[in-house]
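*Asks:*
Residue numbers (the working numbering): 2 to 419.
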């Protein structure tokens with residue numbers, strides 16, 4: 002392993018930390034450095050639940066999005082849910098499909114081919130949906146950087162509702178609605194929602210309009226929230242707590258089959274179980290196989306069928322682990338020839354596109370440097386970027402956006418094509 006060049010970044014001293022009931026000075030100082038001002042703040046954090054969820058009316062374009070979706074359901078229009086091929090995107094799709102089925106709709110779910118289309122909306126996929134009679138496309142975990150593709154959709158007679166949590170470009174796509182808490186004109190108090198978390202908030206609000214239950218949605222949204230490494234504060238923490246409670250008691254066949262293979266105590270899953278057991282299996286499908294395998298498991302209600310799909314997913318997961326080990330070993334050799342602490346780019350065209358994020362993440366952890374792992378896919382270079390906490394990946398990609406054909410990212414991670 003390459004020895005990273007590390008520098009301790011010490012926090013500013015806290016002169017007089019607030020008093021927290023039951024805690025002495027060392028813990029009080031730690032809590033103050035984590036942003037807690039008093040016992041009220043601390044208790045709100047510790048007891049985060051449904052009461053920590055904000056009013057969605059403060060989210061820019063949320064009502065416009067829900068009204069268009071409501072109208073499509075009422076008039077029987079064909080709806081498609083377009084998501085990303087990572088666990089956040091796949092779980093966001095499942096949240097929407099579950100909610101829309103309760104409302105009597107039967108949406109198409111669409112995840113672009115990692116090899117042929119890459120991240121986000123694509124012209125070929127939009128044409129395929131238009132040919133299938135779709136009139137409304139709801140994106141989740143993507144879309145905010147797809148202005149050109151939205152124009153293609155408009156020319157095909159498709160309305161697009163964008164739900165995304167990545168940093169938006171200066172000019173938003175001309176969609177029916179663009180729901181993204183990072184919009185400069187959005188007054189929503191929590192910008193750290195993931196794609197699945199945002200989908201949960203919108204889908205729950207849509208069901209509430211019709212007096213329908215939201216049970217089961219938080220269980221799936223919690224998986225996506227942990228997968229995308231959202232800060233465990235605010236609404237994300239609340240969604241994960243609600244979701245873990247639902248997972249512990251779920252009778253849903255697909256979730257039970259997945260938990261049984263992923264957790265030491267399937268009846269008491271933890272966030273750690275999600276991060277190191279459930280999520281790698283879901284991601285494996287999108288990385289080296291077909292995202293549909295994972296989504297079909299999350300939606301499956303028949304126990305026998307769920308167990309069979311979970312078995313298929315386990316095989317894919319094991320193959321992904323073997324491929325990742327080989328790729329990371331190769332990346333370490335490349336990195337050894339490029340010492341220093343500046344951002345690092347490693348390339349190997351033999352790497353599967355779905356492994357690039359894992360390679361970049363491992364090197365970023367080991368070297369404490371921003372890392373882009375790239376590979377040639379067809380006639381374009383695809384890359385995934387991971388970085389230490391003091392480097393904002395999404396902002397860096399936006400800064401060089403004029404040189405990229407596609408990009409998307411947030412603080413800890415991102416991806417691009419050129």
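Just so it is clear, CB atoms sit at the ideal spot from N, CA and C, and this is done for glycine as well.
So, with DSSP's three-state summary, where would you put residue 223?
*Replies:* Residue 223 falls in the helix class under three-state DSSP.
*Asks:* What's the call for residue 92, buried or exposed, on a 16-neighbour Cβ count within 10 Å?
*Replies:* So residue 92 ends up on the buried side.
*Asks:* Give the DSSP bridge partners of residue 179, in chain order.
*Replies:* DSSP, once it has assigned bridges, lists 163 as partnering residue 179.
*Asks:* Per the DSSP calculation, residue 141 is bridged to which residue(s)?
*Replies:* 84, 164, per the DSSP bridge assignment.
*Asks:* In its own chain, which residues sit with a C-beta less than 8 Å from the C-beta of residue 53, not counting the 5 before and 5 after it?
*Replies:* Around residue 53: 45, 235, 236, 238, 239.
*Asks:* Would you mind reading off the limits of the beta strand (DSSP E) that contains residue 417?
*Replies:* Element bounds for residue 417: 414-418.
*Asks:* With the cut-off set at 9 Å, would you say residue 61 and residue 184 are in Cβ contact?
*Replies:* Yes, the pair counts as a contact, with Cβ atoms nearer than the cut-off.
*Asks:* How big is the Cα-Cα spacing for residue 1 and residue 13?
*Replies:* Within the shown structure, residues of the chain are numbered from 2 to 419, placing residue 1 beyond reach of any answer.
*Asks:* So, at 6 Å on beta carbons, what are the nonlocal neighbours of residue 189 in its own chain, with the 5 sequence-adjacent residues on each side left out?
*Replies:* Answer for residue 189: 59, 60, 182, listed in chain order.
*Asks:* Look at residue 364 and residue 351 and say whether their C-beta atoms are less than 9 Å apart.
*Replies:* No, the pair does not count as a contact, with Cβ atoms beyond the cut-off.
*Asks:* Is residue 385 helix, strand or coil when you go by DSSP?
*Replies:* It is a strand residue.
*Asks:* To which residues of the same chain is residue 331 closer than 7 Å at the C-beta, ignoring the five residues directly before and after it?
*Replies:* Closer than 7 Å at Cβ, skipping near neighbours: 349.
*Asks:* Within this structure, are the beta carbons of residue 112 and residue 144 separated by less than 9 Å?
*Replies:* No, these two residues do not count as a Cβ contact at 9 Å.
*Asks:* In terms of alpha-carbon separation, which member of 259, 355, 390, 368 lies closest to residue 416?
*Replies:* The shortest Cα separation from residue 416 among 259, 355, 390, 368 belongs to 355.
*Asks:* Hey, residue 128 and residue 101: beta-carbon distance below 9 Å or not?
*Replies:* No; because the gap between Cβ atoms is not below 9 Å, this pair is not in contact.
*Asks:* Which residues mark the beginning and the end of the beta strand (DSSP E) in which residue 110 is found?
*Replies:* 109-111 is the extent of the beta strand (DSSP E) around residue 110.
*Asks:* For residue 217, decide whether its Cβ has a neighbour in chain B, counting only Cβ atoms nearer than 9 Å.
*Replies:* Among the chains of the structure shown, chain B does not appear; only one protein chain is present.
*Asks:* Taking the straight line between their C-alpha atoms, what separation do you get for residue 25 and residue 231?
*Replies:* Cα to Cα, the separation comes out at about 29 Å.
*Asks:* Is it the case that the stretch 261-268 contacts the stretch 208-216, given that we only count it when at least three CB pairs across the two stretches are under 8 Å?
*Replies:* They do not touch, by the three-pair rule.
*Asks:* Would residue 162 and residue 103 be called neighbours here (beta carbons separated by less than 9 Å)?
*Replies:* Contact flag unset, no.
*Asks:* By DSSP, does residue 408 sit in helix, in strand, or in coil?
*Replies:* DSSP places residue 408 in strand when its eight states are reduced to three.
*Asks:* Taking the straight line between their C-alpha atoms, what separation do you get for residue 418 and residue 150?
*Replies:* Cα to Cα, residue 418 sits roughly 15 Å from residue 150.
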